[in-house]
Amino acid sequence: MATAGKNLSAFDPTTLSNCADFRIGIVVSAWNGHITQRLLDGATSVLDAIGQRPELRTIIEVPGAFELPLGAQKLCQRNDIDGVLAIGVVIQGETRHFDFVCSGATQGLMDVMLKHDKPVGFCLLTDNTEQQSLDRAGGIHGNKGTEAMVAVLQMLQLSLS
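The following block contains the structure:
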């Protein structure tokens, strides 16, 4: 994934061409919306690149990162959703709130994925500064939304084999 000095958001759409008919749910946090929107744009650009029709996408918004697991669970419970991407941004503040939100959201998303046996992509930026998040949302380190959506589709490909 994105790391210092590298942009790992490039992908070959032809390797995902058999994924165009998958029904994708996306749960996106409204908190830090100026960043999560850029991540959402990166994710949907992958779906556009593989030729997925927009009507096969369900996008819901939740207030913040801590609510991502419940949003993902609601999507996973639906029979018309094959895989989910969770998008959020938590930026370090002056208190331990950051640690609790990041830990809770991470564990919650993992629990949802395993409970429902559906891929739940992890696009939760947990950065020290807003600039670090911007750098990973279409900036110098690429777009984590793109990378996470590719990972969801790759996991869905496992169901085809």
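Going by the working numbering, the first residue of the sequence shown is number 18, and it counts up by one from there. Backbone N, C-alpha and C fix where the C-beta goes; we use that ideal spot for every residue, glycine too. The model shown is predicted, which means the values in this text are computed figures rather than measured ones.
{"Item": "Leu-142 in three-state terms, based on DSSP", "Value": "strand"}
{"Item": "Collapsed DSSP secondary structure at Ser-34 in the structure displayed", "Value": "helix"}
{"Item": "Leu-126 to Gly-105 span [Cα, whole Å]", "Value": "12 angstroms"}
{"Item": "Residue range of the beta strand (DSSP E) that includes Ile-108", "Value": "100 to 108"}
{"Item": "Of the listed residues Gly-68, Ile-157, Gly-59, nearest to Ala-165 (C-alpha basis)", "Value": "Gly-59"}
{"Item": "N- and C-terminal bounds of the alpha helix (DSSP H) containing Glu-164", "Value": "161 to 175"}
{"Item": "Ser-150 to Leu-33 span [Cα, whole Å]", "Value": "27 angstroms"}
{"Item": "Span of the beta strand (DSSP E), counted from its first residue to its last, around Glu-78", "Value": "74 to 79"}
{"Item": "Cut-off 7 angstroms between Cβ atoms - residues of its own chain near Val-129, not counting five sequence neighbours on either side", "Value": "Pro-86, Ala-89, Gln-90, Cys-93, Val-137"}
{"Item": "Pairwise C-alpha distance: Phe-139 and Ala-82", "Value": "11 angstroms"}
{"Item": "Opening and closing residue of the beta strand (DSSP E) in which Ser-46 lies", "Value": "41 to 46"}
{"Item": "Ala-154 - partner residues in DSSP beta bridges", "Value": "Asn-160"}
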